[in-house]
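The opening position of the sequence shown corresponds to residue 1205 in the working numbering, with each subsequent residue numbered one higher. Have a look at the structure below before the remarks.
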Amino acid sequence: KVVRLWTLTSGAKEKDYAGPTLPIISIAVSPNGAVIAAVSADKTLTIWNAGDAKVLQKLPMPAGPLAIAISADAQSVFVGLADNSIKQIKIADGKDIKVFPAQHKGAVVGLALSPKGDLLFSASADKTIQTWSLPAGTPKAKFDHVAPIASITLSKDGTRVAAVGDKVVKVWTVADGKEIGTLTLPADAKSLSLSPDNTRIIVAGADKLARVYEFDGKLLETLPHDGAVNGVAFVDAKRVVTGGADKFAR
């Protein structure tokens, strides 16, 4: 029910961001670090000012919200919903900017924005990733997975996109849609992240392990938790952060 901000170097807690009444499903931080947003199982979107934790907007959603991303200019929020739709909402007044045209046939479970903010990626339980041209919101390319997608990640430079579903990770180059890697996992996964140098991928395993792989499937390292690993992210080329059901972030 609470978003918490920690200092990475010391592990000290800086702030709590309260508002949702049920568990938080997904969070996003604006590129400039000024805005934090989260969607909750209570079917709300909450947006905070990062500096003082003030609630800027708390908005009811028409269906269960599952994914969130903040625009490159920190002026709007994109929300993926269980009814297969995507909404773009203006932060200043909480009003809809647009509802994207129907393309997915399953819940939208993941969203990612290109570094320039001109391309939105949406991942769905219908086994596809759809790209959208911004600001128009017109559909462009589509990437096909073999299973309902659980999580999506975009490389820091926006040149590669990866998704996991049913113990399978697929990696594509964005420019031509070419598949450049397929990994078969020993356990289900809820999250993944690409390294800044585009050579490795870390996957959060339901079997209490985060695993770091090369794109050819070579296992490089395992990082243990005492519960299912729910979230992973590369901080830089040498450091990663993991979060688990054991209530620890490492």
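Backbone N, C-alpha and C define an ideal beta-carbon position, used for all residues, glycine too. For clarity, every value in this text was computed on a predicted model and none was experimentally measured.
Closest Cα partner of Asp1220 within the set Ser1234, Gly1255, Lys1299 and Ser1244: Gly1255
With 16 as the cutoff for other CB atoms within 10 Å, does Arg1208 come out buried or exposed? Counting Cβ neighbours within 10 Å, Arg1208 comes out exposed, since fewer than 16 surround it.
Using 10 angstroms around the beta-carbon of Lys1291, count the other beta-carbons present and answer buried if the total reaches 16, otherwise exposed. buried
For Val1368, the nearest candidate out of Leu1389, Leu1338 and Glu1383 (CA to CA): Leu1389
Through-space distance from Ala1216 to Pro1343, alpha-carbon basis: 42 Å
If you follow the beta strand (DSSP E) that Ile1406 is part of, which residue opens it and which one closes it? Counting along the chain, the unbroken beta strand (DSSP E) around Ile1406 starts and ends at Arg1404 to Gly1409.
Stretch pair the stretch 1376 to 1384 + the stretch 1392 to 1409: three plus CB contacts closer than 8 Å: no
Go to Ser1397, then tell me how far its beta strand (DSSP E) extends in each direction, as first and last residue. Here the beta strand (DSSP E) through Ser1397 covers Ala1393 to Leu1398.
Three-way DSSP call (helix, strand, coil) for Arg1443 in this model: The three-state reading of DSSP puts Arg1443 in coil, since its state is none of H, G, I, E or B.
In terms of alpha-carbon separation, which member of Ile1231, Asp1322 and Gly1237 lies closest to Ser1244? Ile1231
Let me know the beta strand (DSSP E) ranges lying completely inside the stretch 1303 to 1388, each 3 residues or longer, listed in chain order. 1312 to 1317, 1323 to 1328, 1332 to 1337, 1342 to 1348, 1355 to 1358, 1364 to 1369, 1372 to 1377 and 1383 to 1388
Taking buried to mean at least 16 other C-beta atoms within 10 Å of its own C-beta, is Phe1452 buried or exposed? Burial call: exposed.
Within the present structure, is the beta-carbon of Val1259 separated from the nearest heavy atom of the ligand HEM by less than 7 Å? This structure lacks the ligand HEM, and indeed carries no ligand of any kind.
How many angstroms separate the CA atom of Leu1338 from the CA atom of Lys1294? Spanning the two alpha carbons is a distance of roughly 15 Å.
Going straight from the alpha carbon of Gly1310 to that of Ala1257, what length do you get? 34 Å
So what does DSSP say about Gln1292, is it helix, strand or coil? In the three-state DSSP reduction, Gln1292 falls in the strand class (E or B).
Give me the Cα-Cα distance between Ala1329 and Phe1282, rounded to the nearest whole angstrom. 18 Å
According to DSSP, which residues form a beta bridge with Ser1280? Lys1294
Segment limits, beta strand (DSSP E) that includes Ala1254: Looking at the DSSP string, Ala1254 is not in any beta strand (DSSP E), and its letter there is neither H nor E.
Determine the contact status of Pro1269 and Asp1287, defining contact as a CB-CB distance below 8 Å. no
What does Lys1219 pair with, by DSSP beta-bridge criteria? Leu1209
Please work out which residues of its chain come closer than 6 Å, Cβ to Cβ, to Leu1424, disregarding the five sequence neighbours upstream and downstream, and give them in chain order. Val1416
Host beta strand (DSSP E) of Gly1435 (start-end): Val1433 to Phe1438
Short of 6 Å in beta carbon distance, which residues of its chain neighbour Trp1210, apart from the five on each side in sequence? Order them along the chain. Lys1217
Assuming Leu1249 contacts Leu1263 (C-beta within less than 8 Å), just tell me the rounded distance between them. 5 Å
Mind reading off the beta-carbon distance from Lys1331 to Ala1351? Whole number of angstroms is fine, and I expect it under 8 Å. 6 Å
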